[in-house]
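According to full-length UniProt numbering, the stretch in the sequence shown is residues 1 to 358, in order.
Input: a single structure, listed below in structure tokens.
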Amino acid sequence: MSNEAVQEAEVSGHFAFFSSQNSKFNYTYNKIREVKSYRIGELFVAYRDILWDDGRHKYNVSSFIGEIDEILLGERFSTFDQNTLDNLIGTLRQRGNSNATINRKMAALSKLLRKAHKMGDIHSLPEFRRQKERAGRIRFLERDEEARLFAAIRSRSEDAYRLSVFLVDSGCRLGEALGLIWNDIQEHRVSFWITKSGRSRTIPMTERVKEVIKLPPNTEGRRPKGPFAMLTQAQYRAIWNEAKTEVGLGADEQVVPHILRHTCASRLVQGGIDIRRVQMWLGHQTLSMTMRYAHLATNDLDGCVVVLEKPRGDEASSRSAGSSVFASPLPTPTSAPSSRKARGSEPVNVSRKRSKGE
């Protein structure tokens with residue numbers, strides 16, 4: 001055997017020993033992964049159950065991805081370039097999608113593509129830029145609207161009525177309320193563990209919330225696992241839609257169950273609760289979400305009305321230092337005594353001097 005063959009055998013033996021003793025380190029030189037192409041719909045089927053929990057949000061995401069796949073004409077790709085993304089956004093805008101709607105659809109697409117990129121299914125990602133959104137009008141229920149709507153709901157379902165009261169006084173999302181179990185309710189507080197932001201929160205309960213979380217005394221059969229577990233989102237929305245039509249709100253597209261969360265937030269801000277506490281109450285992940293309600297905090301501007309409504313009677317008196325709110329805080333300088341007066345001389349008569357000069 002030649003020296004080269006012996007050295008090669010020794011190296012092979014050492015490598016085999018290293019591999020067997022250190023199984024964590026695997027070196028392969030001949031394994032080349034085949035580049036494949038996928039449709040957006042195929043990637044969604046592969047990762048939807050990993051990325052999104054079952055529920056209404058997942059249903060919405062499914063429709064978003066389906067529309068995107070349709071716009072792309074089912075094209076297969078191994079890279080998703082910036083030009084493809086820009087054309088996609090342009091098509092959505094031509095279809096009448098607002099910037100807010102485009103942002104929601106792009107958020108779903110971005111989440112899916114990042115997962116596919118991490119798993120090696122696609123090999124490049126575009127830059128997702130958030131579209132500028134306009135601050136839209138926030139609709140909330142007036143007290144009389146709430147009374148009429150809740151009465152119509154109660155005539156159809158006592159459980160749906162209890163849920164409605166809970167939603168408007170707690171400001172929680174519909175899914176958070178339906179997911180409550182009895183252990184989440186302790187003394188005078190309720191805790192939300194299943195939240196959109198993934199962060200739990202605990203808030204105190206109002207007196208009427210304490211009443212509506214109690215099951216009616218004539219509850220038959222087995223006790224449900226939570227105060228509203230006997231309802232589903234679909235059942236509650238159906239009752240809601242019937243009730244709002246009955247009270248004359250059927251044409252208002254903003255009167256959906258989520259309006260109860262807006263109503264709670266609006267009442268807190270109008271009542272003088274600071275924005276940071278409202279954020280904690282609602283469980284918003286960022287303060288910018290809560291700032292949508294900041295324009296309702298008008299109590300701090302009441303002093304401006306006092307200034308604008310100041311009596312405009314005597315203009316001279318309003319300009320005086322004692323009456324004007326804009327008067328300078330500096331003291332009025334006092335005239336120094338005349339040097340001539342100090343020497344006992346009379347003040348000069350200016351008019352007489354001018355007459356002599358003429």
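We put the beta carbon where it would ideally sit given N, CA and C, even for glycine.
All of these numbers come straight from a predicted model, not from anything done at the bench.
Beta-carbon proximity check, residue i vs residue j, cutoff 9 Å
i: F77; j: D159; result: no
i: L268; j: R277; result: yes
i: P224; j: R237; result: no
i: T79; j: S124; result: yes
i: A108; j: V61; result: yes
i: K115; j: I194; result: no
i: I89; j: M106; result: yes
i: R56; j: Q254; result: no
i: W182; j: G226; result: yes
i: Y47; j: M119; result: yes
i: R173; j: I259; result: no
i: Q270; j: L231; result: no
Nearest-angstrom Cα separation, counted from residue j out to residue i
i: L112; j: I102; result: 15 Å
i: L73; j: R261; result: 39 Å
i: K196; j: G179; result: 12 Å
i: W52; j: D302; result: 46 Å
i: E187; j: T202; result: 12 Å
i: G283; j: K310; result: 42 Å
i: W240; j: S164; result: 9 Å
i: M280; j: A152; result: 32 Å
i: D274; j: Y293; result: 11 Å
i: K244; j: S157; result: 14 Å
i: A147; j: V212; result: 16 Å
i: G198; j: L149; result: 31 Å
i: D252; j: T263; result: 15 Å
i: N99; j: F44; result: 23 Å
i: S200; j: L308; result: 46 Å
i: T290; j: R134; result: 15 Å
i: residue 366; j: S266; result: Residue 366 lies beyond the range of the chain shown here (1 to 358); nothing can be said about it.
i: R95; j: I185; result: 46 Å
i: R104; j: R130; result: 10 Å
i: G250; j: S37; result: 47 Å
i: E67; j: H117; result: 21 Å
i: N87; j: Q235; result: 39 Å
i: Y161; j: R222; result: 21 Å
i: D144; j: R154; result: 15 Å
i: E242; j: V306; result: 47 Å
i: Q285; j: G175; result: 17 Å
i: D54; j: R93; result: 29 Å
i: F192; j: K214; result: 17 Å
i: N97; j: E207; result: 42 Å
Under the three-state DSSP convention, the category residue i falls into
i: V256; result: coil
i: R48; result: helix
i: Q279; result: helix
i: T206; result: coil
i: I138; result: coil
i: R237; result: helix
i: G13; result: Note that G13 has pLDDT 44, beneath the 50 cutoff, so the model's placement of it is unreliable and no number is given.
i: I153; result: helix
i: Q270; result: helix
i: S63; result: helix
i: D53; result: coil
i: S191; result: strand
i: I185; result: strand
i: R292; result: helix
i: R143; result: helix
i: R222; result: coil
i: R173; result: coil
i: R201; result: strand
Cβ-based neighbour list, residue i, same chain, cut-off 7 Å, excluding 5 preceding and 5 following
i: E127; result: Q82
i: R189; result: T202, I203, P204, M205
i: E246; result: A152
i: A177; result: L163, F166, L167, F228
i: D69; result: R39, I40, G41
i: G171; result: R261, C264, A265, W281, L282
i: K132; result: N99
i: S216; result: The sequence shown places Pro at residue 216, rather than the Ser named in the question. The answer, listed in chain order, is E158.
Sequence-distant residues of its chain with Cβ nearer than 6 Å to residue i (five each side left out)
i: R137; result: none
i: T91; result: I71
i: F64; result: K105, A108
Close-in-space but distant-in-sequence residues of the same chain around residue i (CB under 8 Å, 5 per side omitted)
i: E75; result: R39
i: residue 360; result: Because the chain here runs from 1 to 358, residue 360 falls outside it and cannot be looked at.
i: T84; result: L72, F77, P126
i: L287; result: I275, R276, Q279
- Query: Which runs of the beta strand (DSSP E) fall wholly inside the region 67-129 and span at least 3 residues, in chain order?
  - Reply: none
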